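Undergrad:
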Amino acid sequence: MPVAPDTVFNCHMCGHCCEGRGGIVVSPTDLARLAAHMGQSPETVVERYCYHVGGKLKIRSGSDGYCVFFKQGQGCGVHEGKPAICRAWPFFRGNIEDSTSLSMAKEFCPGIRPETRHADFAQAGRDYLLQNGLLANDSSCEANALILK
Numbered sequence: 155m156p157v158a159p160d161t162v163f164n165c166h167m168c169g170h171c172c173e174g175r176g177g178i179v180v181s182p183t184d185l186a187r188l189a190a191h192m193g194q195s196p197e198t199v200v201e202r203y204c205y206h207v208g209g210k211l212k213i214r215s216g217s218d219g220y221c222v223f224f225k226q227g228q229g230c231g232v233h234e235g236k237p238a239i240c241r242a243w244p245f246f247r248g249n250i251e252d253s254t255s256l257s258m259a260k261e262f263c264p265g266i267r268p269e270t271r272h273a274d275f276a277q278a279g280r281d282y283l284l285q286n287g288l289l290a291n292d293s294s295c296e297a298n299a300l301i302l303k
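Plus 154 on top of the position in the sequence shown (first one is 1) and you've got the numbering used here.
#1: Does the region 198 to 215 come close enough to the region 241 to 260 that 3 or more CB-CB pairs lie under 8 Å?
#2: Touch check for the region 269 to 280 and the region 157 to 165: three-plus C-beta pairs under 8 Å?
#3: Would you mind working out which of Pro237, Gln226, Ala259 and Ile178 sits nearest Gly208, comparing C-alpha positions?
#4: According to the neighbour-count rule (16 or more other Cβ atoms, all chains shown, within 10 Å of its Cβ), is Gly235 buried or exposed?
#5: Quick one: any contact between the region 262 to 276 and the region 219 to 237, if contact means 3 or more CB pairs under 8 Å?
#6: What did DSSP end up calling Gly169 once you bin it into helix, strand or coil?
#7: So, helix, strand or coil for Gly219, using DSSP?
#8: Bridge partners for Gly193 per DSSP, in chain order?
#9: Report the start-end ranges of each beta strand (DSSP E) in the region 228 to 270 that is 3 residues or longer and not cut off at the edges.
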């Protein structure tokens with residue numbers, strides 16, 4: 155029986171997942187969506203908001219340690235155009251495949267329901283990623299967290 159994603163996770167818009175340096179991978183598809191949403195060319199978006207590391211394009215963090223698009227009290231400034239990795243949280247490979255990883259994520263993210271069993275979370279996560287076209291398969295330019303075994 156399917157498990158609905160909203161029975162295991164309900165975003166509180168706290169921004170915890172927007173904090174940290176070096177984790178927001180922007181795939182070619184993400185870049186096209188983000189640029190269109192912002193009304194800018196992909197080249198301009200890369201120049202102003204991104205950097206390359208390890209062969210992958212990533213979104214810069216601001217001096218506050220948050221994604222440059224996150225604004226305290228307002229949330230994501232590019233919500234409709236945000237990258238797949240952001241759309242997928244908390245349904246990352248580690249949390250889906252490993253109960254210990256999910257336990258740590260529960261401590262970090264208030265939106266993950268504490269009573270959620272790993273099996274239910276994993277099923278809801280796989281279904282969510284599949285239904286929303288968020289599964290990745292190209293580790294050279296997509297987020298590894300979206301490549302499931």
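We put the beta carbon where it would ideally sit given N, CA and C, even for glycine.
Source: prediction; values computed, not measured.
TA: Per the coordinate set shown:
#1: no
#2: yes
#3: Ile178
#4: buried
#5: no
#6: coil
#7: coil
#8: Partner(s): none; Gly193 has no beta bridge.
#9: none
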